[in-house]
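Number of protein chains: 2
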Amino acid sequence: MRNTIARTQILDLITNSKTALSHAEIEQLLDGLCNRVTIYRVLDRLIDDKLVHKIINVDGSLKFAACRNCSDHHHDSHIHFSCLNCGSVTCLESVEPVFKIPRKYKVQEVNFTVSGLCPDCT
Amino acid sequence: MRNTIARTQILDLITNSKTALSHAEIEQLLDGLCNRVTIYRVLDRLIDDKLVHKIINVDGSLKFAACRNCSDHHHDSHIHFSCLNCGSVTCLESVEPVFKIPRKYKVQEVNFTVSGLCPDCT
DNA sequence: CATATTAATGCAACTATATTGCATTTGTAA
DNA sequence: TTACAAATGCAATATAGTTGCATTAATATG
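These protein sequence lines are chains A and B, in that order. Using this note's numbering, the letters of the first sequence correspond one by one to residues 1 to 122. Using this note's numbering, the letters of the second sequence correspond one by one to residues 1001 to 1122.
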């Protein structure tokens, strides 16, 4: 795994962003630094390296956010908040939902998104 | 809203299916009954009419399932189980997660998907 | 410091999925 | 039975992501 300019910049953007970023947003922020295909590939690598996690938004679009405490495996069992007005997606790291599902289902991952209005849009 | 053949068939398929169906699965099951564009439009109408709800799968793909108790507004606050092996998506209607998020967020909808292995695939 | 190795990139082409405009068909109310 | 508008089919277009391959560049080694 090499520390390229694209990788550094993309990781920086995601890490310093208050909200999760989409591929398109990253592309715009990078302003031609690299090809859009490279962004896809860098994102894949960052996810493999457990530095970033992928969030499926309520509208099906993808967002990327920095991982915290994901050294071993991804555990993004926290809630994601998706604002229906501004489109921002925020990790609510401290909130973990409680639920019980039938024992016959073997749970591996959890994807929990709540949508509505974020503090900035109320 | 007219009761066309396409509408009837598509609603039947979704209602009688144990698991949520994708557009592609519906298209295959209909076996040329109507154009794929029509399927998109019928699904949109069924969602508007609160007869079907749309589920965003963990891989970002869309699935459609029959609505229960959605006369006024969609309340699919139940859990969806997504099988990583066979790809099936099942509504676990009886399971509703408990969670608390900061008051400054205004919650409107909830989208909760758990992935792993379904009873058939364990 | 030079250089060899190979990961990473750029580009173009391609695939998959969804949407739109418009002419035609068809369900339904009068 | 007929008229009207909803629904459909088709072709074109849009959007998002992937792949193959030649080229570039990061890094380990001598």
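For every residue, glycine included, the Cβ atom is placed at its ideal position computed from N, Cα and C. Note that the coordinates shown come from a computational prediction; the quantities given were computed from them, not determined experimentally.
Could you name the residues of the same chain whose beta carbon sits closer than 6 Å to that of residue i, not counting the 5 residues immediately before and after it, in chain order?
| i | result |
| --- | --- |
| Glu-93 of chain A | His-78 |
With a CB to CB cut of under 7 Å and the five nearest residues on each side skipped, what residues in its chain are close to residue i?
| i | result |
| --- | --- |
| Leu-1021 of chain B | Leu-1013, Ile-1014, Lys-1063 and Phe-1064 |
| Thr-1019 of chain B | Ser-1088, Val-1089 and Thr-1090 |
| Asn-111 of chain A | Ile-56 |
| Lys-54 of chain A | Ile-47, Leu-62 and Phe-64 |
| Leu-1117 of chain B | Cys-1083, Leu-1084 and Asn-1085 |
| Glu-1096 of chain B | Ser-1077 and His-1078 |
| Asp-1120 of chain B | Cys-1086 |
Between which two residues does the alpha helix (DSSP H) carrying residue i extend?
| i | result |
| --- | --- |
| Leu-11 of chain A | 5 to 16 |
| His-1078 of chain B | Looking at the DSSP string, His-1078 of chain B is not in any alpha helix (DSSP H), and its letter there is neither H nor E. |
| Thr-1019 of chain B | Run containing Thr-1019 of chain B: none; DSSP gives neither H nor E here. |
| Leu-1030 of chain B | 1023 to 1030 |
| Thr-38 of chain A | 36 to 48 |
If I follow the unbroken beta strand (DSSP E) through residue i, where does it start and stop?
| i | result |
| --- | --- |
| Thr-1113 of chain B | 1106 to 1117 |
| Val-58 of chain A | Note, Val-58 of chain A: premise wrong, no beta strand (DSSP E); not H, not E. |
| Thr-1090 of chain B | 1089 to 1092 |
Whole-angstrom Cβ separation of residue i and residue j, contact assumed at under 8 Å?
| i | j | result |
| --- | --- | --- |
| Glu-1025 of chain B | Ile-1039 of chain B | Their Cβ separation, rounded to whole angstroms, is 10 Å, which puts Glu-1025 of chain B and Ile-1039 of chain B out of contact at 8 Å. |
Hey, residue i and residue j: beta-carbon distance below 8 Å or not?
| i | j | result |
| --- | --- | --- |
| Lys-1106 of chain B | Thr-113 of chain A | no |
| Gln-1108 of chain B | Ser-115 of chain A | yes |
| Val-42 of chain A | Arg-2 of chain A | no |
| Leu-51 of chain A | Cys-67 of chain A | yes |
Who are the near neighbours of residue i in its chain, counting only those whose CB is closer than 8 Å to its CB and skipping five residues on each side?
| i | result |
| --- | --- |
| Leu-29 of chain A | Leu-13 and Leu-21 |
| Arg-36 of chain A | His-23 and Glu-27 |
ask   = Can we say the region 1053 to 1060 of chain B touches the region 1093 to 1104 of chain B, given the rule of at least three CB pairs closer than 8 Å?
value = no
task = Answer yes if the region 1035 to 1051 of chain B comes into contact with the region 1081 to 1089 of chain B, meaning at least three C-beta pairs across the two stretches below 8 Å, and no otherwise.
result = no
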